[in-house]
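Just so you know, we're using my numbering here: the sequence shown kicks off at 165 and counts up by one. Note that the Cβ used here is the ideal one computed from N, Cα and C, for glycine as well.
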Amino acid sequence: MVPLKNAYLAAWAKPHEQSWEIDENLAELGELVKDAGLAVAGTIIQRRSKPEPATLIGKGKVGEIKDMLSEGDVVVFDDELLPAQQANLVEMLDAPVLDRTQVILDIFARRARTKEGKIQVELAQLNYTLPRLTGQGAAMSRLGGGIGTRGPGETKLEIDRRRIRERIGDLRRELQDVVRFRDVQRQNRQRSELPMAALVGYTNAGKSTLLTALTGQGAYVQDQLFATLDPLIRRWDLNSQVAIYLGDTVGFIRKLPHTLVAAFRATLEDVLQADLLLHVIDASHPQAERQKEAVETVLHEIGAKQEIICVYNKIDQLEEPLNLHPPHQAVSALTGQGLGDLTQAVYQFFEHLYALREYFFPFDSMAEATYVRDHGEVIAEEFTPDGLVLKARVNQTTAGRLAAYETKTFITRP
């Protein structure tokens, strides 16, 4: 087995920044680094009011890092480095220097499986690489150390600017074709009149496991960061008569690079088009609420304004039960605990918005049919030899009054 390269994690922090927040970010960076195939050997933190323009951290700290390094070691910064900063650090440390964005890009490159995912990853890689093509030579060859340079397409740092720009143009055109195809798929789903919910959440919160548990249809599931990059849409039968679509999306993370948010906008369109968001939260994670806030920040950035039901997953790993207020739910996608309550909560949401009910009124009950016309939205009506069949949308009070006449309930888009 080839031994893993050692990685030293480095971070710049403001003087007033809380220690737990710095530790939390570095712990997450450590998980990313391990997922990218490196072994964490140590961490370096510098507190200062402003970042050093040339190297992010001060030259004294750079010297400390250099003294720690051995042949083959890598330095990974928690923040995205400016191209000049990265080049200066490579020269001063005489070692590969990465940042959080490069590590995430590398993981994304490994995870992408569909054509759409590969296009989006390569586009993000090239947009990251382009401003860093300041020259050739040993320094350029050591910027990435193999991380962030692999991928589904041509992303070598030696590619000149012109060829990269041409490739970016080609990828954007391909992505536009993907967007048009997905628009057609979306329109077909909308024509089926089934509404849609989308799973969102922090990476590794259990969204894919939950999708499989709720729909009975398999999805790629691994205990790893960004296991799912490619969107999945499945039919979810809420009961014997009512079904909706349920979508799974790429997981979010703190400091998610803007290049990735932009590249995956086509994928995230499913979030924007959904009628309801199910925010899946790893209830067993010690920083569950921080992760929740990070997801909410990204949702705000992409313009998502839908109703959200928070789904606290992995409750089988908790010692104490959660105290949640409806419609938020506590579940275990692994054991099935709470899935019935979640399904009912989602049904009630869509029933309140989109319930289309079919009634049959015998001729001696026409007064009730008139009540529907006065208090609801009649979609269709048909007289039969025995009475009136009427389809209408009504509020919950009217539905309760007419329950004896109801023959069927549909959940459809208005």
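Exercise. Is the beta carbon of I332 sitting closer than 9 Å to the one on L378?
Worked result: no
Exercise. Buried or exposed: where does W184 fall if 16 or more other Cβ atoms within 10 Å of its Cβ makes it buried?
Worked result: exposed
Problem set entry | Those residues which DSSP pairs with P526 across a bridge | G551
For this session: Take A563 and list the residues in its own chain whose beta-carbon comes closer than 6 Å to its own, dropping the five residues that flank it on each side.
Result: none
For this session: Answer with buried or exposed for R337, where buried requires no fewer than 16 other C-beta atoms within 10 angstroms of its C-beta.
Result: exposed
Exercise. Which value, in whole angstroms, describes the spacing of the CA atoms of P179 and N487?
Worked result: 36 Å
For this session: With DSSP collapsed to three states, give me the class of I408.
Result: strand
Exercise. If you compare alpha carbons, which of Y569, R565, K419 is closest to K555?
Worked result: Y569
Exercise. How is the beta strand (DSSP E) around H443 delimited, first residue to last?
Worked result: 440-446
Exercise. Of the residues Y523, E453, Q512, Q481, which one's Cα is nearest the Cα of G500?
Worked result: Q481
Problem set entry | Whole-number beta carbon distance between D550 and P526, since they are thought to touch under 8 Å | 6 Å
Problem set entry | Rounded straight-line distance, which links the Cα of I479 to that of V495 | 6 Å
Exercise. Quick one: what's Q210 bridged to in DSSP?
Worked result: W176
For this session: Classify R604 as helix, strand or coil using the three-state DSSP reduction.
Result: Here the chain covers residues 165 to 578 and nothing more, so residue 604 does not appear.
For this session: Pull up the DSSP beta-bridge partners for Q289, would you.
Result: For Q289, which the question treats as bridged, DSSP gives no partner whatsoever.
For this session: Classify P490 as buried or exposed, calling it buried when 16 or more other Cβ atoms lie within 10 Å of its own Cβ.
Result: exposed
For this session: Enumerate in chain order the residues of its own chain whose CB-to-CB distance from I328 is below 8 Å, with the five nearest sequence positions on each side excluded.
Result: L290, T293, L294, L297
Exercise. Between E546 and V406, what straight-line distance do the alpha-carbon atoms span, to the nearest angstrom?
Worked result: 23 Å
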